[in-house]
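Undergrad:
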Amino acid sequence: MKTRLLTLFDIFKAPKSIRPGVYLYQSAPDAPVPQKMFLRVEPNGSSSLVVNASLILHLNPVATEFAYAFINQVDEDTMIRNVMKKYRIDEETLRHDFASFLDKLEAVTKTEDLDPFEFFGIERATEQDLENLSAPFRLDCALTYRLPEDTSIVYAPVERVKKELSTDEWKSILDKSWRAGIPHIIFTGGEPTLRSDLLDLILHAEQNGQVCGLITDGHVFRNPNTVNDFLNAGLDHLMILLDAQSEESWQLIEKITPMDIFTTVHLTIYGENASYLTQSIARLASIGVNALSLSASSPDFVSHINQASELAAYHGIKLVWDLPVPYSKFNPVRLEVIDEELWEGSGKTWLYVEPDGDVLPGQGIPFLLGNLVSLEWEEIWTNCQDYGKNKAHLGVA
Numbered sequence: 002m003k004t005r006l007l008t009l010f011d012i013f014k015a016p017k018s019i020r021p022g023v024y025l026y027q028s029a030p031d032a033p034v035p036q037k038m039f040l041r042v043e044p045n046g047s048s049s050l051v052v053n054a055s056l057i058l059h060l061n062p063v064a065t066e067f068a069y070a071f072i073n074q075v076d077e078d079t080m081i082r083n084v085m086k087k088y089r090i091d092e093e094t095l096r097h098d099f100a101s102f103l104d105k106l107e108a109v110t111k112t113e114d115l116d117p118f119e120f121f122g123i124e125r126a127t128e129q130d131l132e133n134l135s136a137p138f139r140l141d142c143a144l145t146y147r148l149p150e151d152t153s154i155v156y157a158p159v160e161r162v163k164k165e166l167s168t169d170e171w172k173s174i175l176d177k178s179w180r181a182g183i184p185h186i187i188f189t190g191g192e193p194t195l196r197s198d199l200l201d202l203i204l205h206a207e208q209n210g211q212v213c214g215l216i217t218d219g220h221v222f223r224n225p226n227t228v229n230d231f232l233n234a235g236l237d238h239l240m241i242l243l244d245a246q247s248e249e250s251w252q253l254i255e256k257i258t259p260m261d262i263f264t265t266v267h268l269t270i271y272g273e274n275a276s277y278l279t280q281s282i283a284r285l286a287s288i289g290v291n292a293l294s295l296s297a298s299s300p301d302f303v304s305h306i307n308q309a310s311e312l313a314a315y316h317g318i319k320l321v322w323d324l325p326v327p328y329s330k331f332n333p334v335r336l337e338v339i340d341e342e343l344w345e346g347s348g349k350t351w352l353y354v355e356p357d358g359d360v361l362p363g364q365g366i367p368f369l370l371g372n373l374v375s376l377e378w379e380e381i382w383t384n385c386q387d388y389g390k391n392k393a394h395l396g397v398a
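Going by the working numbering, the sequence shown opens with residue 2, and the numbers climb by one from there.
(1) Considering glutamine 27, what are the terminal residues of the beta strand (DSSP E) in which it resides?
(2) Going by other Cβ atoms of all chains shown within 10 Å of its Cβ, with 16 needed for buried, is glutamine 364 buried or exposed?
(3) With three or more C-beta pairs closer than 8 Å as the rule, is the stretch 134-148 touching the stretch 77-96?
(4) Applying the criterion that 16 or more other CB atoms from any shown protein chain within 10 Å of the CB defines a buried residue, is proline 62 buried or exposed?
(5) Please state whether DSSP places isoleucine 183 in a helix, a strand or coil.
(6) Relative to the C-alpha of arginine 96, which residue among Glu107, Arg82, Leu106 is closest?
(7) Could you tell me whether the stretch 307-323 touches the stretch 167-182, where touching means 3 or more Cβ pairs closer than 8 Å?
(8) Just to confirm, are leucine 232 and arginine 196 a CB contact at a threshold of 7 Å?
(9) Report the option in Leu361, Thr94, Phe302 whose CA atom is closest to the CA atom of asparagine 384.
(10) So for tryptophan 378, helix, strand or coil by DSSP?
(11) Residues in the same chain with beta-carbon distance under 8 Å from asparagine 372, minus the five sequence neighbours each way, listed in chain order, please.
(12) DSSP three-state label for threonine 264, please.
(13) For leucine 239 and serine 250, which I take to be in contact (beta-carbon distance under 8 Å), what is that distance rounded to the nearest angstrom?
(14) Are the Cβ atoms of proline 21 and valine 51 separated by less than 7 Å?
(15) Restricting to Cα atoms, I'd like to know which of Asp76, Val374, Gly272, Ile72 is closest to alanine 29.
(16) Report the rounded CA-to-CA distance for serine 48 versus leucine 376, giving the unit in angstroms.
(17) For the structure I just gave you, are there three or more beta carbon pairs, one from the stretch 161-170 and one from the stretch 207-226, closer than 8 Å?
(18) Drop a sphere of 10 angstroms on the beta-carbon of tryptophan 322, count the other beta-carbons inside from all chains shown, and report buried for 16 or more, exposed for fewer.
(19) Quick check on tyrosine 353: buried or exposed, where buried means 16 or more other Cβ atoms within 10 Å of its Cβ?
(20) Hey, is asparagine 209 close to the ligand ATP, as in C-beta under 6 Å from one of its heavy atoms?
(21) Using only CA atoms, which one of Gln386, Ser276, Pro33 lies nearest to lysine 349?
(22) Quick one: complete beta strand (DSSP E) runs, 3+ long, within the stretch 38-113?
Written out as structure tokens, the structure is:
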């Protein structure tokens, strides 16, 4: 009878799940290895941990317990006892996994040229995980639809946007997204480097604690000092649009790749470059690019994407599929197509903000969720749920 009572007592006294929300940690100013962490816990117990505004770790519920204990300075023995009661995992396994978790955090602070997206204890978000998100993981900010002078304006959807937001308006969007728990910002366009306030916006996102990426044709980096300006402002990763027929474009990739910034190269396949994909991807591999993004200029070249993917795998180049390709001569607005795979994350794991503040589920998806300058985040997110229910009417199952 005594054993029975103790069991019931343990059940009633079982530790509660970590409350969903945002938790912050900053090491002491004199710490030998400075650390700044942001933990967003979801209702299902999974979480996202942003480390030093440069790396996002997606954590399963047990790893979330580790991160929460670290941030709140809970001693290891107390944490182990609590987790053992919740998840029925033996002590030896938990201590081993916790040690591995701490090793990974330490490695993050010492490793250059980091891939800004890592998964610890979780392979891929399930549909249930996506349904329970309190906010997306990423906000794609199209700062402008302006293009370089040598590019025709017909390639960008300028008729959809009557004005560009001011610096302060964009900062207010960054702040709203940060308060909502969105850890990752990408600046895109058009050509985002045409905005004179871009460095200021990157710095603002960095000061918030957000991971910050830039997608550009790279022309601004012809000045060798410019890359350092962006790194000093807090840029964490970069996607460069490669013009495979331009030797200057290749030289730019060769210059940037060795630097301490994770760089993805985007290659749009079209008539002039489709015939020498083998040579192009082999050259990218020899340069040592971190990752490759692919698209086709028309349905006629979709089959070439499979060929390019196989070549990338052969050379050990990581493929990235979900970054928004800026509108340009290689990605004109008239070729916007509904890609069912990309729609899976739109309105859930990422959102897209146009230059006037209008929010879409993703680039080119004609479903207005509201304006992030005039509306509060909660209303935008409620509209996202309506979008999810109406996908079928938009042609996506």
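Virtual Cβ for every residue (Gly too), placed ideally from N, Cα, C. As the structure is a computational prediction, the values presented were derived from the model and not from experiment.
TA: According to the structure shown:
(1) That run of the beta strand (DSSP E) goes 22-27.
(2) With 16 or more other Cβ atoms within 10 Å, it is buried.
(3) no
(4) buried
(5) coil
(6) Arg82
(7) no
(8) no
(9) Leu361
(10) DSSP places tryptophan 378 in helix when its eight states are reduced to three.
(11) Asp357, Gly358, Asp359, Val360
(12) strand
(13) That belief does not hold up - the Cβ atoms of leucine 239 and serine 250 are roughly 14 Å apart, past 8 Å.
(14) no
(15) Ranking Asp76, Val374, Gly272, Ile72 by Cα distance to alanine 29 puts Ile72 first.
(16) Rounded to the nearest whole angstrom, the C-alpha separation of serine 48 and leucine 376 is 26 Å.
(17) With a cut-off of 8 Å, the stretch 207-226 and the stretch 161-170 do not count as touching, because too few Cβ pairs lie within range.
(18) Exposure of tryptophan 322 is indicated by the presence of fewer than 16 other C-beta atoms within 10 angstroms of its C-beta.
(19) buried
(20) In the structure shown, the ligand ATP is absent, as is every other ligand, since no ligand is present at all.
(21) Selection Gln386, Ser276, Pro33 evaluated against lysine 349 yields Gln386 as nearest (Cα-Cα).
(22) 48-52, 56-60
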